[in-house]
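S.K.: The sequence shown runs 19 to 465 under our numbering.
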Amino acid sequence: MSALSEPIEPPGRREVDKALRRLSRAYEDALRVADASGAERVARQGLLEGLSVAGLYERVIAPAMWRIGTLWEQGAISVADEHLATALTHQVMAGIYGPSLGHKLMPGRVLLAAVEGEQHALGLRMAADVIELAGFETIYLGADVPTADLLQVVTARAPDLVALAATMPASSTALDRAIAGIQGADPGLSVLFGGQGARARLGSGEAVLVQDLERLPAAVRHALDTGEPDFEARSMRDRAPPERPPELGGRGKSEPVLGGSGEEESLEQNLSGIAAETADLARSLARQANTYRDLAYTDSLSGLPNRRAFEDRAARLRDFSDAKPLAVLMLDLDGFKPVNDSQGHEAGDRVLALIARAIAEGVREGDFVARLGGDEFAALLPRTGSAEAEVLAERLRESVEDAGSGDSVTASIGVAMLEDDVRRALLQADLALYEAKNAGRNTVRCG
């Protein structure tokens, strides 16, 4: 077992923290020598070791960027080195973002912006990624958003939650002005905020300070579920400031470089901006690809995965030892054709959607359900032996019977075990299904 996946107990926690610090230092070393592939390898190693995207951003990338910023402030590296590190991190984040996109959509629209005067918003970009990957619709405005423009967007886009970044200590006034404006425009709108410039403000009744990126998704869910931005993050007000950077804002450095050329700094700022825009383009393309993937792998009527998605998932689980034993269920509806013939296809579609929902709600978390076509469905049950699979199949049969009782629709189900050959397992489940049909329908048989 890797250090990052050990049980959370005090000794294990110390080992996890050491491993994360090593990863963060390795990531920083890669940035300091402009090794883009090395930085990406470190990031992917963290994901392979069991870190979530939020955890990777919060425990590996953000501390490394914080130290890079400290080195620049101390004069140990040039502003060009700092901007190059930022550009490389944007590249790494864009690479992580695409493969992490999921299909779970959460209700709620979140608007993110750095307050007026903030020029650096890498931490805010991390926060936007984490929120979007959690399934929430995000509106990312980026750095240096004038308060008047922010309020205009709030009115026009009607978000359910606003997250503000104030990276510089001097930005607390702009943060206060933004929060007051938002609350004046919509007193019921929840606000989260974070960053170096936010520490002096702390949490209050109308807004909540979030100092830790790992807590951000939970804070967002809490605010959107309850409408009240009251969250445990506010309890951090009495703690000492963390060594890690506050994650909503990242580490901003908008002061001029002592002894540096204005033209050089402007050029470097432009290069960093181009890198951020390129990374955002990569995210946009990843979203498009994810949308096309959804269309290719989703049954439009039921909303369930389709046959292609089922076969792909079965092939992956077959090669994943932790999924064994792996059971396959094939379900075919009884009495569905008379509904189509007597009531029409619209009624038939209604019944199919109702049955699909009953099947999806009847399986366990981690099981995979698909509509193969017509009135035929299938399910993959990881870590499930034949006896347990038969019990679960019987439970699904009852769920379908209850859902289809108004139209006398039931289900016959065949059960088989998937070993090495996906097609053979599907054939065995299909043969068991027809045994169930021949036995009188609305029953379960094992192949």
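Here a beta-carbon is modelled for each residue, glycine too, at the ideal position from N, C-alpha and C.
Here the structure is a predicted model, which means the values were calculated and not measured.
1) Can you tell me which of Ala105, Gly213 and Leu207 puts its alpha carbon nearest to the alpha carbon of valine 238?
2) Could you check the C-alpha separation between histidine 240 and alanine 80 for me, to the nearest Å?
3) Excluding five sequence neighbours on each side, which residues of the same chain lie with their C-beta closer than 6 angstroms to the C-beta of alanine 429?
4) Excluding the 5 residues preceding and the 5 following asparagine 460 in the sequence, name in chain order all residues of the same chain whose CB lies nearer than 6 angstroms to its CB.
5) Would you call the CB atoms of leucine 179 and valine 128 closer than 8 angstroms?
6) Please look up how many angstroms separate the CB atoms of proline 235 and isoleucine 149, rounded, as I've assumed it's under 8 angstroms.
7) For threonine 156, which residues in the same chain have their Cβ closer than 7 angstroms to its Cβ, ignoring the five residues on either side in sequence?
8) Is DSSP giving proline 323 helix, strand or coil here?
9) On a CA-only basis, which of Glu406, Asp420 and Ala405 is nearest glutamate 379? Give me that one, please.
10) Beta-carbon separation of aspartate 385 and alanine 397 under 8 angstroms?
11) Taking 8 angstroms as the cut-off, decide whether the C-beta atoms of leucine 335 and alanine 341 are in contact.
12) Report the start-end ranges of each beta strand (DSSP E) in the stretch 103 to 185 that is 3 residues or longer and not cut off at the edges.
13) Between which residues of its own chain and glutamate 329 is the CB-CB distance below 8 angstroms, once the five residues before and five after are set aside?
14) Helix, strand or coil: which one does DSSP assign to alanine 52?
15) Rounded to a whole number of angstroms, what is the C-alpha to C-alpha distance between leucine 436 and arginine 39?
16) Where DSSP assigns a beta bridge to phenylalanine 395, which residues make up the other side?
17) Tyrosine 452 to glutamate 406, Cα distance in whole Å?
18) Closest to leucine 322 by CA distance: which of Ile373, Leu347 and Asn358 is it?
19) With DSSP as the reference, label alanine 225 as helix, strand or coil.
20) Quick one: what does DSSP say arginine 459 is sitting in, helix, strand or coil?
21) Since I believe methionine 111 is in contact with arginine 143 (beta carbons under 8 angstroms), could you give me their beta-carbon distance rounded to a whole number of angstroms?
22) Does the Cβ-Cβ distance between alanine 61 and leucine 49 come in under 8 angstroms?
23) Work out the CA separation of aspartate 393 and alanine 457 for me, nearest whole Å.
24) What do you reckon, are the CB atoms on valine 346 and leucine 444 nearer than 8 angstroms?
25) From this set, Gly141, Gly465, Leu370 and Ser118, which residue's C-alpha is nearest serine 404's C-alpha?
26) If I'm right that serine 320 touches alanine 371 with Cβ under 8 angstroms, what's the distance once you round it to whole angstroms?
27) Residues in the same chain with beta-carbon distance under 6 angstroms from lysine 455, minus the five sequence neighbours each way, listed in chain order, please.
28) Give the range of the alpha helix (DSSP H) segment to which glycine 432 is assigned.
29) To the nearest angstrom, how far is the alpha carbon of leucine 102 from that of leucine 399?
30) Hey, quick one: how far does the alpha helix (DSSP H) through glycine 74 stretch, first residue to last?
31) Can you check whether the CB of leucine 210 is closer than 8 angstroms to the CB of leucine 193?
32) Given a cut-off of 8 angstroms on the beta-carbon distance, is the pair leucine 140 and threonine 104 in contact?
33) Considering only their Cβ atoms, is the gap separating valine 462 from alanine 447 smaller than 8 angstroms?
34) Could you tell me if lysine 271 is buried or exposed, where buried requires 16 or more neighbouring beta carbons within 10 angstroms of its beta carbon?
35) Under a three-way DSSP split, which group does valine 87 fall into?
36) What is the DSSP secondary structure of valine 381, counted as helix, strand or coil?
M.R.: Inspection of the coordinates gives the following:
1) Leu207
2) 24 angstroms
3) Leu349, Leu351, Arg415 and Val418
4) Asp352 and Thr428
5) yes
6) 7 angstroms
7) Val128, Leu130, Ala146, Ile149 and Glu150
8) strand
9) Asp420
10) yes
11) yes
12) 127 to 132, 155 to 160 and 179 to 183
13) Val440
14) coil
15) 41 angstroms
16) Leu349 and Arg389
17) 21 angstroms
18) Ile373
19) strand
20) coil
21) 7 angstroms
22) no
23) 19 angstroms
24) yes
25) Gly465
26) 6 angstroms
27) Ser430
28) From DSSP, glycine 432 is part of no alpha helix (DSSP H) but of the beta strand (DSSP E) over 428 to 436.
29) 47 angstroms
30) In the sequence as displayed, the identity of residue 74 is leucine instead of glycine. 71 to 74 is the extent of the alpha helix (DSSP H) around leucine 74.
31) no
32) yes
33) no
34) Bear in mind that a pLDDT of 37 at lysine 271, under 50, signals an unreliable position, so the number given afterwards is only what the model happens to contain. Burial call: buried.
35) This sequence places glycine at residue 87; valine is not what is there. Helix at glycine 87.
36) coil
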